[in-house]
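Trainee: Have a look at this one before I ask anything.
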Amino acid sequence: GRSVATHQFGSQVICRLFEHAAGEPRIVELADVVLSNDAVGLCCHKYGHAAAMAILSNGLSRQRAVVVAALQTDVCRFAKHRFAAFVVQHAFLQCAPAECGALARGLMSQAGAVVTLACHACGVHVIRALLQVPGAAERALQYLGQREQRLRKDVFGSKLLRELGLLEDKVVDEARATGSAANVGGA
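Positions 1 to 187 (the UniProt record's numbering) are the ones given, in order, by the sequence shown.
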C-alpha cells in the first residue's frame, strides 16, 4: 500500500494501475489504503506525489476528495513545496469545478499569496494552473496586475507577465520607441 506508493519503482506501478484499472475493486481498495494514513505526506513525498496525482486523474470522487482535503490544510505551503506543487497544479487542472474553486479560495484567502507564488520557482506553475480555473482566473489576474512592479523585478514573475502578454521584451519596447520595428530583420 503506502510503502509501495512511496517507493521509486513501486510508485510507477501504482500509477499505471490507477490509470488502467482504477474502477477495479482491488485497485479501489489499494487507493484507499494508499490514502488512509497520511495523504499530506503522500503529496509531499518524492515518489508518492505521483500516486496522489494519479488518484486525482483516475480515482473515485471520494478518493479525489481526500487528496483535495489534504491540500486544503495549507494550500499555500504545498504550492511552494518541491513535490506537492505538482499535486496542487494537477488538482487545478483535473478536479471538478467545486473542488478547484475551494482550493482557489483557500489559496487566494491569504493576503499576497498569488503574487508570492508567482515569484516562486514551484509556485509559479501553480499560478499558471490557477489562471485556468474559471472564476478564479479573473481574481488572480487582478492580484497580479495590482503588484505588477514587484513581478517585473522577479525572474519567475516577469516571465509569467510576459506569457500573459502583460510585459513585453525590452527589445520590442526599444524598437517601438525608436520607430525601427519595421526595419528589424528586413534590411
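Built from N, CA and C at the ideal position, the CB exists for glycine as well.
Please read these numbers as outputs of a predicted model, since none were measured by experiment.
Could you check what DSSP says for lysine 116 in three-state terms: helix, strand or coil?
Mentor: As a working mapping, residue 116 is identified with position 116 in the sequence shown. A small fix is needed here, since residue 116 is threonine in this sequence, not lysine. In this structure, threonine 116 counts as helix in the three-state DSSP scheme.
Trainee: For arginine 147, name the three-state secondary structure that DSSP assigns.
Mentor: Your numbering for residue 147 matches position 147 in the sequence shown. Here arginine 147 sits in coil by DSSP.
Trainee: When you compare only the Cα positions, how much space is there between alanine 85 and valine 68?
Mentor: Along the sequence shown, read from residue 1 onward, the residue named residue 85 stands at position 85. Along the sequence shown, read from residue 1 onward, the residue named residue 68 stands at position 68. Near 13 Å, if we compare the C-alpha coordinates of valine 68 and alanine 85.
Trainee: Which whole runs of the alpha helix (DSSP H) in the stretch 96-140 are 4 residues long or more, in chain order?
Mentor: Taking only runs of at least 4 residues, the alpha helix (DSSP H) segments lying wholly in the stretch 96-140 are 97-108, 113-118 and 123-130.
Trainee: Name the residue from His7, Ala52, Leu131 and Gln8 whose alpha carbon lies nearest to the alpha carbon of phenylalanine 18.
Mentor: What you label residue 18 is simply residue 18 of the sequence shown in a count that begins at 1. Among His7, Ala52, Leu131 and Gln8, the Cα nearest to that of phenylalanine 18 belongs to Ala52.
Trainee: Got a sec, what are the start and stop residues for the alpha helix (DSSP H) residue 195 sits in?
Mentor: With the chain running from 1 to 187 in the structure shown, residue 195 is simply not present.
Trainee: Locate the alpha helix (DSSP H) running through asparagine 58, then write down its first and last residues.
Mentor: The sequence position of residue 58 within the sequence shown is 58, counting from 1. Here the alpha helix (DSSP H) through asparagine 58 covers 48-58.
Trainee: Could you tell me the alpha carbon to alpha carbon distance between proline 25 and alanine 31, rounded to whole angstroms?
Mentor: Mapped onto the sequence shown, residue 25 falls at position 25. Mapped onto the sequence shown, residue 31 falls at position 31. Taking the straight line from one Cα to the other gives about 10 Å.
Trainee: Alanine 181 by DSSP, collapsed to three states: which one?
Mentor: As a first step, residue 181 must be located in the sequence shown, where it is residue number 181. In this prediction, alanine 181 has a pLDDT of 45, which is less than 50 and means its spatial position is unreliable; what the coordinates show is noted afterwards. Of the three classes helix, strand and coil, the one that applies to alanine 181 here is coil, per DSSP.
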